Structures are given as structure tokens and as C-alpha cells.
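Asks: Order-wise, the sequence lines are chains A and B.
Going by this note's numbering, the first sequence opens with residue 1, and the numbers climb by one from there.
Going by this note's numbering, the second sequence opens with residue 1001, and the numbers climb by one from there.
We put the beta carbon where it would ideally sit given N, CA and C, even for glycine.
Since we're looking at a predicted model, the values are computed, not measured.
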Amino acid sequence: MTRAPGPGEPSPAPVEATLRVNGVAHRLHLDPRTTLLDALRERLGSMGTKKGCDRGECGACTVHVNGRRINACMTLAVMHDGDEIDTVEGLARGKDLHAVQRAFIEHDAFQCGYCTPGQIMSAVACIRECHAGSRDEIREWMSGNLCRCGAYANIVAAVEAAAGAEAANASV
Amino acid sequence: MHPFSYVRERSVDDAMRAHAGDPAAAYLAGGTELINWLKEGIALPSRLVDINRLPLAQIEVTPSGLRIGALARMSDVAAHPAVRAGYPALAEALERSASPQLRNMASMGGNLLQRTRCPYFRAESELPCNKRRPGSGCAARYGLNRSHAIFGWSEACVATHPSDAAVALCALEAQVRIAGRGGERAIPIGDFYRLPGDTPQRETVLEHGELIVAIDLPATARARRSWYHKVRERASYEFALVSAAVALELADARIQEARIALGGVAAVPWRLTAAERAIAGAPLERGPLMAVLATAFAEARPLAHNAFKIELAKRTLVQALEIAGAMR
Ligand SMILES: Cc1cc2nc3c(=O)[nH]c(=O)nc-3n(C[C@H](O)[C@H](O)[C@H](O)COP(=O)(O)OP(=O)(O)OC[C@H]3O[C@@H](n4cnc5c(N)ncnc54)[C@H](O)[C@@H]3O)c2cc1C
Ligand code: SF4
Ligand code: FES
Ligand code: FES
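#1: Applying a beta-carbon distance threshold of less than 7 angstroms, which residues of chain E neighbour ILE70 of chain A?
#2: If you follow the beta strand (DSSP E) that ARG102 of chain A is part of, which residue opens it and which one closes it?
#3: Which residue comes first and which comes last in the beta strand (DSSP E) that contains SER1107 of chain B?
#4: If I measure Cβ to Cβ from ALA1091 of chain B and keep anything under 6 angstroms in the same chain, skipping five residues before and after, which residues do I get?
#5: Any C-beta of chain A sitting closer than 9 angstroms to the C-beta of LYS1039 of chain B?
#6: Could you spell out the range, first to last residue, of the alpha helix (DSSP H) harbouring SER1226 of chain B?
#7: Taking only the alpha-carbon atoms, compute the straight-line gap between ARG41 of chain A and ILE1150 of chain B and give it to the nearest angstrom.
#8: Tell me whether THR34 of chain A is buried or exposed, calling it buried when 16 or more other Cβ atoms sit within 10 Å of its Cβ.
#9: Within the present structure, is the beta-carbon of THR116 of chain A separated from the nearest heavy atom of ligand 6 by less than 8 angstroms?
#10: Of the choices B:LEU1284, B:ALA1258 and B:ALA1168, whose alpha-carbon is the least far from that of ASP1252 of chain B?
#11: Can you give me the start and stop residues for the beta strand (DSSP E) that LEU1248 of chain B sits inside?
#12: When burial is assigned at 16 or more other CB atoms within 10 Å of the CB, is GLN969 of chain B buried or exposed?
#13: So, is the C-beta of PHE1297 of chain B closer than 9 angstroms to a C-beta in chain A?
#14: Along chain B, which residues have their Cβ under 8 angstroms away from the Cβ of SER122 of chain A?
#15: Does DSSP put SER1315 of chain B in a helix, a strand or coil?
#16: Are ALA1093 of chain B and SER1236 of chain B close, meaning C-beta to C-beta below 9 angstroms?
#17: How about LEU19 of chain A: is its C-beta nearer than 9 angstroms to some C-beta of chain B?
#18: For SER1163 of chain B, which residues in the same chain have their Cβ closer than 7 angstroms to its Cβ, ignoring the five residues on either side in sequence?
#19: Quick one: is the Cβ of LEU91 of chain A within less than 8 angstroms of any heavy atom of ligand 2?
#20: Is the CB of ASN1036 of chain B under 9 angstroms away from at least one CB in chain A?
#21: Mind checking who ALA1266 of chain B pairs with in its DSSP beta bridge?
#22: Per DSSP, TYR1006 of chain B is paired with what?
#23: For TYR1237 of chain B, which residues in chain A fall below 7 angstroms Cβ to Cβ?
#24: Excluding the 5 residues preceding and the 5 following ALA1165 of chain B in the sequence, name in chain order all residues of the same chain whose CB lies nearer than 6 angstroms to its CB.
#25: State the beta-bridge partners of VAL1061 of chain B as determined by DSSP.
#26: Closest to ALA1072 of chain B by CA distance: which of B:ARG1146, B:ALA1098, B:VAL1246 and B:GLY1030 is it?
#27: Can ASN1036 of chain B be considered in contact with ligand 3, in the sense that its beta carbon sits closer than 8 angstroms to one or more heavy atoms?
#28: Which stretch, first to last residue, makes up the alpha helix (DSSP H) that contains ARG20 of chain A?
#29: Going along the chain, which residues of the segment 1005-1026 of chain B sit with their C-beta nearer than 7 angstroms to a C-beta in chain A?
#30: Report yes or no: is there a C-beta of chain A within less than 9 angstroms of the C-beta of SER1075 of chain B?
#31: GLY59 of chain A touches chain B at which residues, Cβ-Cβ below 8 angstroms?
#32: Give the secondary structure of HIS29 of chain A by DSSP, where H, G and I count as helix, E and B as strand, and everything else as coil.
#33: Which residues, in chain order, does the segment 77-89 of chain A contribute to contact with chain B at a C-beta distance below 9 angstroms?
#34: Counting contacts by CB-CB distance shorter than 9 angstroms, is MET1001 of chain B in contact with chain A?
#35: Rank A:HIS26, A:ALA92 and A:CYS149 by C-alpha distance to the C-alpha of GLY48 of chain A and give the top, closest one.
#36: May I ask whether a heavy atom of ligand 2 can be found less than 8 angstroms away from the beta carbon of TYR1120 of chain B?
Here's what the structure looks like:
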């Protein structure tokens, strides 16, 4: 979609927008057609967020905008001037992985790993929303993230474990 | 993607002004439909007017019911305590729609204006489709039409409307508030959508440049005993094959008043007004309900591949009535 304009398609005037990605502000001049996903990957070189379908159907591009999970392929970057955007690259604190990242490793919750950044970002939000109370609830509220390798059983186990660990920490 | 300019507005007046100057302008809310159309070349706007910062995201209890701003997100509406308690059919319809990520993005106004999921309409390389290119024909009429309409279709188009929320809103007797050049008007949702006729590309009564500002819901006893039952081909994250929304008032385990709308069967939420009258006084039991509803489907006109929808819709409706009837 960031292809060069075809014949008779003048390039639209660039629009200025500041994307705050994992706490760092980036002032960009953007072709208004650029999706948030393409801005992250192609303008900022932030490759953690994946492109699967580019149509809102798979969840590989899940990021958080102002704390809420969304599909970065279905929104334009210029719509997010000033918004706080969190990607999978921002989860770990130095060498300390996020609890959900650790749970995914411990439960072997992936095969090829392509869907994993989206699964993890979705899972962090799912737990924060209190939608991870049972396996059924996790399956329903993680249904926006498809896994072509079919690692679902282990993904559900990882989310359940991470949600349980968080609840245990909260009650201490 | 076709080139377009982009402006962001902060008030209803400014947004309508920015739109009015351009016959090929489009409002941009959550973008989950519009950006899809831009990618597929289904829409070719020259200017996008971003309305996300208009003050239309509120959900407020009013003396007569509930007002939901056009920019309220599906997830926020579904989670709102006044919606869950007073309009459970709407909460259920929204929570069974799309995915958590999409519901965080998608607005209520945009939800009403989503377009059919007919695969010919959405084809990556263009196929005959009167909605997409008026006059080009309808590939579904004699093509694969399993997911298409059984009521109200025309030779020009046999598509269904995909919104779950619109079906619930129809049974809940919602009104759509529209801002236009002459001020604001309110239209019952049953009159908001148009049957295809000869102009299937015109799907609603909204005129170019008009803005949906809110959805109004009346507070009724029926709305509190309302339900939305969605049947689809996978457990989640899928559009309805058929669905039923009902709102009931009971007296002595019998239906006193009912509102009924079906989804996945027509280009509009399909209100069954004759069945609503016929069902008054019926006991909440499967056998009698099935018998009363038999005539409601007499006017169904199935296509080559979707006759199964008649029986499926009937059973889905009876199940919705049973669930609503059992609510406390
Ligand atoms: C993978 C996928 C699965 C989905 N599954 C479901 C499902 O199961 N059930 C379901 O109901 N929906 C489903 N949807 C559709 C989704 O609900 C809609 O895309 C969404 O509600 C559109 O809202 P939006 O704010 O993103 O609209 P936009 O894309 O911003 O706009 C859509 C249209 O409405 C116009 N518009 C928007 N707001 C206004 C306004 N206030 N006044 C006037 N015009 C306006 C725009 O100009 C555009 O023409 C799905 C979508 C996807 C991508
Ligand atoms: S059913 Fe309607 S949307 Fe589908 S191909 Fe025919 S005209 Fe187009
Ligand atoms: S890449 Fe965004 S949902 Fe598939
Ligand atoms: S691990 Fe391969 S797609 Fe999920």
C-alpha cells in the first residue's frame, strides 16, 4: 500500500504526525495512505509487529493505542497524532521479559512464531481487561488472533498461567 | 491505494463543512470498513474527513432511554452497565461481532454503515456487482448464493446486511439521529435501510454529507428482556449466517408483546411484524412457537443455495425467544 503512485495518481500532500512508540516520540511526514502498521515497520523499522492478512482478519498486527488493543493494519498512521502506541518491542524491561512473554516460552505457545507478537500483545490486553478468567473466556477473547500453526492449546495455557500469576501477585 | 487528502475536524459543523465542499469526500471513523474498501478499490474518495475527535463518543442515560454517540466504540457500548442491564440484546450483538481489537476501533455509526460481505462485492479483482458498479449485473443471483438473502431481494442484488448490532437495534426500536444541512432529524432504524430494488448501491436514506450523530434507544420493559442469538460457521470472529433479535414482555409465562428482527436474511434487518402480532398470547414452549411462526416464513423466497436458511432462521428465532423468556 505504500507503493509508488501509479500513472494519474499524484502523490497526496504529506501530513505531519507525531507517533509516540514505546514512549519515544517520532515526528513524521506521512503519505496519508500509510497504515499504522506500515509506518511502524517501514518508516520506523520496528519489525516486531507483523503483517499477516492486512485486512483485520488475523490479529498479527495487534498493538496497543492509548492502552487498548487494536489492529494496526486497519487504521491510518495520521489518525494517531499524539497517541501512545505500544508494540511488542516495548514489553520487556531490559533483559527481564514480560510475564506473558515468559509464559509463552514456558508453555511452548508457538511454532513458527509469526503470530506470536500479536498473540502476546493481545494476551497482555486480554488479562488487563479481566477477560482471562477461564479457558473458555480466554478462547473467546483471544479469538481475534489466528495461528496458522495451530498452537492454540498452548497459547490458551500460556495466557491462563500468566493471568493466574498476575492474580497471585495482585493478592500478595 | 487511490490518493486522498486527509483532514481532521473537531466539531460536527466543521466536519460537515469539510465534507460539503467535495462530492467525493468520505467521513473516517474507526476505519475498519473504509480502509478495507480503500485497499480493495471499492471506495475511491478524494478526501477523508477524520471525525474521531468530534465530541460524539458519549453513552448517556436520558429521560426517555439511552443516547449512544455515533463515535462510541463497540467495546465501550457492550461493556456499559446501562446497556447490559437495559438492552442485553445490544450488548450480546456487539460482543458477538468481529474481534476484541476491532471492537475497540469500530464506532457505532460506522457499524450501521458497513456494507455487505457478499464475496463478489468484495472480490480483489472486480466481478459483476451492481452495488460496486451499478449496471454491471449481479454475480450472486445465479452464482454461489448460500450466504445471501431469502427476503426482500431483487434481480439486481441478493445481498444481506452484515451488522449484528443493527438487528438488535431494530428489535429495540432504536432511532438514528442524523445531522444534515437542515439540522438534525431522527429516523426509526426500520426506515433507515433500503431494500435493493433497482438501486442496490443506495443502502440507507443517508444523503451525501449527512452525519450520524447518535442512536437513541427508548427505555421499555421489553428492552430489558431482550436477546440476540447469532448462528455462524465458527464459534467466534465470524459474521452471522442467520441471527434473531427479540424483545419480550411476558404475562403468566405467555408472551404479551414481542418485537422480532432477523439478521442474515435480507439487505435490511428483517422485522417480523406479522409474527409479532401472531405470537401475542403464545406460551413460551417450542412446539406452539414453531407452529405460530410457520406462517411468518411463508413469504421467504430462497435462492439456489440457501433454502436451509428458512428452517435455520425459524429455529434460531425460537431459541432467542426461549432464552429471552427465561431471563430474570
Ligand atoms: C475481520 C472483520 C470481522 C468483522 N466481523 C463483524 C461481525 O461479526 N459483526 C458485525 O456487525 N461487524 C463485523 N465487522 C464489521 C465492523 O463492525 C465494521 O467494520 C465497523 O463497525 C465499522 O465501523 P468504523 O467506525 O470502523 O467505520 P469506518 O470504516 O470508519 O466507516 C464505515 C463507513 O461509515 C461512514 N461513517 C462512519 N461513521 C459515520 C458517521 N458518524 N456518520 C456518517 N458516516 C459515517 C464512513 O464514511 C464509511 O463509509 C467485521 C469487520 C472485520 C474487518
Ligand atoms: S448480491 Fe449484491 S453485492 Fe453481491 S454480487 Fe449481487 S449485486 Fe453485488
Ligand atoms: S495483519 Fe492486521 S489483522 Fe491481519
Ligand atoms: S506459531 Fe505459526 S502462526 Fe502461530
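Replies: Quick answer:
#1: This model lacks chain E altogether; the protein chains it does include are A and B.
#2: Translated into the one-based positions of the first sequence, residue 102 of chain A becomes position 102. For ARG102 of chain A, no beta strand (DSSP E) run applies; the uninterrupted alpha helix (DSSP H) run containing it begins and ends at 99-106, by DSSP.
#3: As a working mapping, residue 1107 of chain B is identified with position 107 in the second sequence. Per DSSP, SER1107 of chain B is not a residue of any beta strand (DSSP E), being assigned neither H nor E.
#4: The residue given as residue 1091 of chain B occupies position 91 in the second sequence. Around ALA1091 of chain B: ALA1078, VAL1083 and ARG1084.
#5: Position 39 of the second sequence, counted from the start, is the residue given in the question as residue 1039 of chain B. Among the CB atoms of chain A, one or more fall inside 9 angstroms of the CB of LYS1039 of chain B.
#6: Working through the second sequence from its first residue, we reach residue 1226 of chain B at position 226. SER1226 of chain B -> not in any alpha helix (DSSP H); beta strand (DSSP E) instead, spanning 1226-1231.
#7: Sequence index remark: in the first sequence, residue 41 of chain A carries index 41 (1-based). Sequence index remark: in the second sequence, residue 1150 of chain B carries index 150 (1-based). Approximately 45 angstroms between the Cα atoms of the pair.
#8: As a working mapping, residue 34 of chain A is identified with position 34 in the first sequence. By the neighbour-count criterion, in which 16 or more other beta carbons inside 10 Å mark a residue as buried, THR34 of chain A falls on the buried side.
#9: With respect to ligand 6, the structure offers nothing, as its ligand set consists of ligand 1, ligand 2, ligand 3 and ligand 4.
#10: Counting from 1 along the second sequence, the entry for residue 1252 of chain B is found at position 252. The residue with the shortest Cα to Cα distance from ASP1252 of chain B is B:LEU1284.
#11: Along the second sequence, read from residue 1 onward, the residue named residue 1248 of chain B stands at position 248. Its beta strand (DSSP E) spans residues 1242-1251.
#12: Because chain B is modelled from 1001 through 1328, residue 969 of chain B falls outside the range shown and cannot be assessed.
#13: Residue 1297 of chain B sits at position 297 when you count from the first residue of the second sequence. For PHE1297 of chain B, not one C-beta of chain A is nearer than 9 angstroms to its own C-beta.
#14: The residue given as residue 122 of chain A occupies position 122 in the first sequence. Those are PRO1100 and GLN1101, listed as they occur along chain B.
#15: Here residue 1315 of chain B is taken as the residue at index 315 of the second sequence, counted from 1. Per the sequence presented here, residue 1315 of chain B reads as Arg, with Ser not at that position. Under the three-state reduction of DSSP, ARG1315 of chain B is assigned to helix.
#16: By 1-based counting over the second sequence, the position of residue 1093 of chain B is 93. By 1-based counting over the second sequence, the position of residue 1236 of chain B is 236. Contact flag unset, no.
#17: By 1-based counting over the first sequence, the position of residue 19 of chain A is 19. Closer than 9 angstroms: no.
#18: Here the question's residue 1163 of chain B lines up with position 163 in the second sequence. Excluding residues within five positions, the ones whose Cβ falls inside 7 angstroms are ASN1111, LEU1112 and GLN1114.
#19: For the purposes of this step, residue 91 of chain A is identified with residue 91 of the first sequence, where counting begins at 1. Incorrect: LEU91 of chain A has no Cβ contact closer than 8 angstroms to ligand 2.
#20: The residue you call residue 1036 of chain B lines up with position 36 of the second sequence. At least one chain A Cβ lies under 9 angstroms of ASN1036 of chain B.
#21: The count along the second sequence starts at 1 and reaches residue 1266 of chain B at position 266. Beta-bridge pairing links ALA1266 of chain B to no other residue.
#22: Here residue 1006 of chain B is taken as the residue at index 6 of the second sequence, counted from 1. Bridge partners of TYR1006 of chain B according to DSSP: B:LEU1048.
#23: On the second sequence, residue 1237 of chain B is found 237 positions in, with the first residue counted as 1. The contacting residues are SER143 and GLY144.
#24: As a first step, residue 1165 of chain B must be located in the second sequence, where it is residue number 165. Answer for ALA1165 of chain B: ALA1093, LEU1094 and ASN1111, listed in chain order.
#25: Taking the second sequence and counting its residues from 1, one reaches residue 1061 of chain B at position 61. BP columns for VAL1061 of chain B point to B:LEU1066.
#26: Counted from its first residue, the second sequence places residue 1072 of chain B at position 72. Closest option to ALA1072 of chain B, Cα to Cα, is B:GLY1030.
#27: Numbered from its first residue, the second sequence carries residue 1036 of chain B at position 36. Checking every heavy atom of ligand 3 against the Cβ of ASN1036 of chain B, none is found closer than 8 angstroms.
#28: The residue you call residue 20 of chain A lines up with position 20 of the first sequence. Premise fails: ARG20 of chain A lies in the beta strand (DSSP E), 15-21, not in any alpha helix (DSSP H).
#29: Within the segment 1005-1026 of chain B, the residues whose Cβ lies closer than 7 angstroms to some Cβ of chain A are SER1005 and TYR1006, listed in chain order.
#30: The residue given as residue 1075 of chain B occupies position 75 in the second sequence. At least one C-beta of chain A is nearer than 9 angstroms to the C-beta of SER1075 of chain B.
#31: For the purposes of this step, residue 59 of chain A is identified with residue 59 of the first sequence, where counting begins at 1. Within 8 angstroms Cβ-Cβ: SER1099 and GLN1101.
#32: Start at 1 with the first residue of the first sequence, and residue 29 of chain A comes out as number 29. HIS29 of chain A: strand per DSSP, three-state reduction.
#33: Those residues of the segment 77-89 of chain A that come within reach of chain B (Cβ to Cβ, closer than 9 angstroms) are VAL78, MET79 and ASP81.
#34: Taking the second sequence and counting its residues from 1, one reaches residue 1001 of chain B at position 1. At least one C-beta of chain A is nearer than 9 angstroms to the C-beta of MET1001 of chain B.
#35: Translated into the one-based positions of the first sequence, residue 48 of chain A becomes position 48. Per the C-alpha coordinates, the member of A:HIS26, A:ALA92 and A:CYS149 positioned closest to GLY48 of chain A is A:ALA92.
#36: In the second sequence, counting from the first residue as 1, residue 1120 of chain B sits at position 120. Answer for TYR1120 of chain B: yes, Cβ within range of ligand 2.
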